[in-house]
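Chemist:
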Amino acid sequence: MSFSGSLVSAVETGTRPLDFRYLALADRELDTGGLFVELLRIATRDNQWFRSWRDAERNARILRTFEPNLVPGLLQTEAYARTVIAAGSRLTEQEIERRVAVRLDRQTILTREMPVQLFAVLDATVLGRLIGTPAIMREQLDHLIAMAELPNADLLVVPTGIGMYAGLAGPFVLAALEGNGWLGHLDNLLRGQIVTLPDEIDSLQEAWECVRSEALPRQHSLDLFKEAAKTWT
730 MSFSGSLVSA
740 VETGTRPLDF
750 RYLALADREL
760 DTGGLFVELL
770 RIATRDNQWF
780 RSWRDAERNA
790 RILRTFEPNL
800 VPGLLQTEAY
810 ARTVIAAGSR
820 LTEQEIERRV
830 AVRLDRQTIL
840 TREMPVQLFA
850 VLDATVLGRL
860 IGTPAIMREQ
870 LDHLIAMAEL
880 PNADLLVVPT
890 GIGMYAGLAG
900 PFVLAALEGN
910 GWLGHLDNLL
920 RGQIVTLPDE
930 IDSLQEAWEC
940 VRSEALPRQH
950 SLDLFKEAAK
960 TWT
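Residues 730 to 962 in our numbering are what the sequence shown lists, from first letter to last.
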């Protein structure tokens, strides 16, 4: 097989989720007739996506995230996250607070001893969209400014003058895991979806390159964060 011993160990110990590329090679090596791939297809129909993605985030070396509508979850303040989670939902107050706590816990990967390298691209409309109150927005923009100055975070903005571009089709995340494999994550109204098929990962990588090329440079993006923060007073 063409995978390293460290990658095989990561899969066996659960630090890296299974993916179709890995199992396809295992099927070929063991001459199973495609059994492992089919079992994964069956298992993922009702998988606990969010738990799996949290594991992927924790073990990722690099995260690439694009958001055309909201501040990415890993960069949200507590108040912003609470407003987003509660909006239009029938969740109890207890469940809302639980989800807020989970979201904030996920963010520790950015400030731990060996932090993940985050590359985030936001559409500029995110900075001007009122979520909650002006005070919540000001706090959120100040937080983005602070996060943008971290050495392991690269936060960029696609300016409003760009018009139509590929990223407007929806948000997505790419995670680079041990062994240089990639996983993707897509959100919809019901649940998240982990993407593992090679051609779909390639499509997400192409979309990433598109939104990245449309974004302003890092310093110009930081300046835009600061300008937007001043409008929320």
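Here a beta-carbon is modelled for each residue, glycine too, at the ideal position from N, C-alpha and C. Keep in mind it's a predicted model, so treat the numbers as computed, not measured.
Near D775, which residues of its chain fall below 8 Å by C-beta distance, leaving aside the five closest residues on each side in sequence?
Modeler: Along the sequence shown, one-based indexing puts residue 775 at 46. Legend: pLDDT at D775 = 42, less than 50; position of this residue unreliable, no value from coordinates given.
Chemist: At which residues does the beta strand (DSSP E) containing G921 begin and terminate?
Modeler: Position 192 of the sequence shown, counted from the first residue, corresponds to residue 921. Unbroken beta strand (DSSP E) run through G921: 921-924.
Chemist: Do the CB positions of R790 and Q846 come within less than 8 Å of each other?
Modeler: Residue mapping note: residue 790 aligns to position 61 of the sequence shown, counting from 1. Residue mapping note: residue 846 aligns to position 117 of the sequence shown, counting from 1. Yes, Cβ-Cβ distance for R790 and Q846 is below 8 Å.
Chemist: Please report how far the alpha carbon of S942 lies from the alpha carbon of A882, in whole angstroms.
Modeler: Residue mapping note: residue 942 aligns to position 213 of the sequence shown, counting from 1. Residue mapping note: residue 882 aligns to position 153 of the sequence shown, counting from 1. Rounded to the nearest angstrom, the two C-alpha atoms are 17 Å apart.
Chemist: Which two residues bound the contiguous beta strand (DSSP E) that contains R793?
Modeler: Here residue 793 refers to the residue found at position 64 of the sequence shown. Looking at the DSSP string, the run of the beta strand (DSSP E) that includes R793 is 791-796.
Chemist: Kindly give me the distance between the Cβ atoms of A875 and L792, rounded to whole angstroms, as I take these residues to be in contact under 8 Å.
Modeler: As a position in the sequence shown, residue 875 is number 146, starting the count at 1. As a position in the sequence shown, residue 792 is number 63, starting the count at 1. Actually they are not in contact, since the Cβ atoms of A875 and L792 sit about 18 Å apart, beyond 8 Å.
Chemist: Quick one: what's got a C-beta closer than 6 Å to A895's C-beta in the same chain, skipping five residues either side?
Modeler: Indexing the sequence shown from 1 puts residue 895 at position 166. Cβ within range, chain order: A936, C939.
Chemist: Provide the residue span of the alpha helix (DSSP H) that contains A877, from first to last.
Modeler: Your numbering for residue 877 matches position 148 in the sequence shown. That run of the alpha helix (DSSP H) goes 863-877.
Chemist: I'd like to check one pair, G857 with T812: are the Cβ atoms closer than 8 Å?
Modeler: Reading the sequence shown from its first residue, position 83 is the one you call residue 812. Reading the sequence shown from its first residue, position 128 is the one you call residue 857. No, the Cβ-Cβ distance between T812 and G857 is not below 8 Å.
Chemist: Rounded to the nearest angstrom, how far is the Cβ of T925 from that of F749, given a contact under 8 Å?
Modeler: As a working note, residue 925 is residue 196 in the sequence shown. As a working note, residue 749 is residue 20 in the sequence shown. Going by Cβ atoms, the distance from T925 to F749 rounds to 5 Å, so yes, they are a contact pair.
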